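Position 17, counted from 1, in the sequence shown is what full-length UniProt numbering calls 17; the numbers after and before it change by one each time, with no gaps.
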Amino acid sequence: MGLINFKPFSGPHEFSQLMRALFHMYRLETPDLFSFDWLQKTLDLEVVCKDTTNEEVGISTPRSLEQAIRKCARINSPNSPEFLSPPVDYSWTGWMGLAIDDLKKEVTIKTEAKCEGPLFSFLGQGLIANGHRRVLAQRLFRHRPDHWSMTIRDHSPLNQYKSRKDYLLRSEILGVTSIIYRQMNEIRWDPSKYKYTEPELIYSGGPLIVKFIAHFSSFLDGYNANIPLGHDCDLYSRQSTGGSGDLRSVKGVHLSYICTESFL
């Protein structure tokens, strides 16, 4: 396949609508994952994927959070009745949720949002496959208007791909596109009509940042093994001269894909 001649976006609204369209396209797709090679052939925007699993990642943890984790009986006190046994199999997201709720008593956690609205509601209700919810959004936090975090549980059968690192999960793509869309648009609920009003574009320029953690379980070599991955996805739009022009000269988003086992 030859080089793709990406055309400029007409403005932020076009990019926002593309995120919405991509979300629904991948929501209705049947594969659980997509290879880097396939994703980088996207015609609507330039996608750059890179496996950085073996690169050292520096994670800065506030001292107040470190102290709260050490004091948390659910995490560090095996003899306490409040202690949570280490997560296994499908219990990672539940374990993480209980631990976060305990830590919220000691440290300030950024604003938690509900998985509701035009795109988030699909993830909040869960995507059904073979009679159960395979993909389910668990927690959503708004650190800043342009910086959101989401935790998603993914029970996709991935044992045949256990040796590969050159792919993104469908759940990750859905998480990223839905968060970017929500960062760019104000969503309001109209109780009189019992529905959401038309989204209002509020993006005014600058990078859009997504911190994304995916937990998924897979059957490996005859036993059920849980594989926790923290996918730290930073998405940036290249800058032009400012204002609504931040997306004007670009037909692409750069994706930095970092795998780490640090969650708190």
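Cβ atoms here follow ideal geometry from the backbone N, Cα and C, with glycine treated the same way. Model, not experiment: these values are computed from the prediction.
Counting C-beta pairs with one atom in each stretch, the segment 177-190 and the segment 115-126 have three or more that are closer than 8 Å, which means they touch. Here DSSP, grouped into helix, strand and coil, assigns Gln160 to helix. The beta carbon of Tyr196 sits closer than 8 Å to those of Gly117, Pro118, Ile187, Arg188, Trp189, Asp190, all from its chain and outside the five residues before and after it, given in chain order. Rounded to the nearest angstrom, the Cβ distance from Arg27 to Leu174 is 6 Å, consistent with a contact under 8 Å. The beta carbons of Leu98 and Arg74 sit about 6 Å from each other, so the pair counts as a contact at 8 Å.
Taking 8 Å as the cut-off, the beta carbon of Cys72 is found closer than this to the beta carbon of Asp102. Out of Ile202, His24, Leu65, Ala68, the CA that lies nearest to the CA of Pro145 is found in Ile202. At a Cβ-Cβ threshold of 8 Å, Ile152 and Ser178 do not count as neighbours. Annotation for Ser64: Val107 place their beta carbon closer than 7 Å to its own, counting only its chain and skipping 5 residues before and after. In this structure, the alpha-carbon of Lys50 lies about 23 Å from that of Pro157.
In terms of CA proximity to Thr61, Arg70 leads the group Val176, Arg70, Thr53, Gly94.
A direct Cα-Cα distance of roughly 48 Å separates Ser77 from Gln17. Around the Cβ of Tyr194, a 10 Å sphere holds fewer than 16 other Cβ atoms; the residue is exposed. Ranking Trp148, Gln40, Met150, Thr53 by CA distance to the CA of Arg164 puts Thr53 first.
Cβ contact annotation for Ile128 (same chain, cutoff 8 Å, sequence separation greater than five): Arg134, in chain order. Comparing alpha-carbon positions, the option among Arg142, Leu45, Gly131, Phe23 lying closest to Lys110 turns out to be Arg142.
Cα atoms of His24 and Ser80: separation of roughly 46 Å, rounded to the nearest angstrom. For a cut-off of 8 Å, the C-beta gap from Leu168 to Leu33 is around 7 Å, short enough to register as a contact.
At least 8 Å separates the beta-carbon of Glu112 from that of Leu84.
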